[in-house]
Structure formats: C-alpha cells, structure tokens
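Before any comments, here is the structure.
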Amino acid sequence: MTSRRFAPALALALLIASCSDDSGSTATTGSADTEATTADTTPATLDTTPGTATFTTQPGTEQIAVLGLEPGTAVEAVAPDGTVAATGEADEQGAVLFRELTPGDGWRITAGDEVSDELTVASPDDVPDASLYTEQQT
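For what it's worth, our numbering labels the leading residue of the sequence shown as 2, then goes sequentially.
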C-alpha cells in the first residue's frame, strides 16, 4: 500500500523537477548556460559514509534531483567508480538537477561534507513491474 502512495509522489516530484525553468539555475552536464560542468578527473578521495546528508535526493531516468540545499551550495554527482561526473550549484530554491547521467547503481551526491546514500539512476529501458498497472483503479 505504501509503494502505491510513494510512486505517484515520486513521479510528481520528478515531473516538477524535469519541467522546471532552465534559465541557468539548473545543473546539467550539457553545454547549456548553467552552473554545471562535466568533470574530467581521476577518482576522488571521498568519505562515502552514507546517511550524512540532510538534503533530499530523487533519482530518475538518467538524472538525479537534489532538493533542500542552501542556495549557492556546491554539489557533486559522484559516479559509481568514484569519479566526479558533474558539479552544480544550488539555485535560489535550493535545488540542483543533474542530467545525462549514466544509468546504474552506486551513484552518490555530495555537498560539502554531506554524502547521500547510494542511488540508482534508471535507464530509459527500465519499466515498472506489471503489478503497478494491474493494481490501478480505472
């Protein structure tokens, strides 16, 4: 029952995040005028102790939304191999959206000395379990 309540809330949050205004305040690994850059670095030395994060993460299809930051906070998307895949800065709403991430398990978000738990970035080919559809009411 909880998963049925959680799924629509997650879908709504991701929809809101992906439909946000891209006027330079949303991080991305693309070449648009935003705060994000793609880092070409060797593996970072990072304390990956989970659970130190006070911010909220919402992974999605090839992206991770980060919410609840102080505006202007520097944020990094750390790939499963430990490299910093993208960097960004929290916008005036305290949010960053990292896009065009490689799907897979083991992603982490860091902001200062705070580290998220491991996250899974979904692939466009990932589909929900069939029970999601059979349990829906018409």
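Just so it is clear, CB atoms sit at the ideal spot from N, CA and C, and this is done for glycine as well.
Q. Which word fits Q138, buried or exposed, when buried means at least 16 other C-beta atoms lie within 10 angstroms of its C-beta?
A. Q138 should be labelled exposed.
Q. Would DSSP call L102 helix, strand or coil?
A. Three-state result, L102: coil.
**Q.** Nearest-angstrom Cα separation, counted from T135 out to V67
**A.** The alpha-carbon atoms of V67 and T135 are separated by roughly 31 Å.
Q: Report the partner residues of T62 according to the DSSP bridge assignment.
A: T62 is bridged to A123.
Q) Cα-Cα, which of T111, L120, V128, V122 is closest to A75? A) For A75, the closest alpha carbon among the candidates T111, L120, V128, V122 is that of T111.
Q. Which two residues bound the contiguous alpha helix (DSSP H) that contains T135?
A. Segment 132-135, the alpha helix (DSSP H) holding T135.
Q) Is E71 helix, strand or coil when you go by DSSP? A) The answer is coil: DSSP assigns E71 none of H, G, I, E or B.
Q. DSSP three-state call for T57: helix, strand or coil?
A. Three-state result, T57: strand.
Q. To the nearest angstrom, how far is it from the Cα of S132 to the Cα of T53?
A. Taking the straight line joining both Cα atoms gives about 34 Å.
Q.
Quick check: what's the CA-CA separation for P125 versus G73?
A. Cα to Cα, P125 sits roughly 31 Å from G73.
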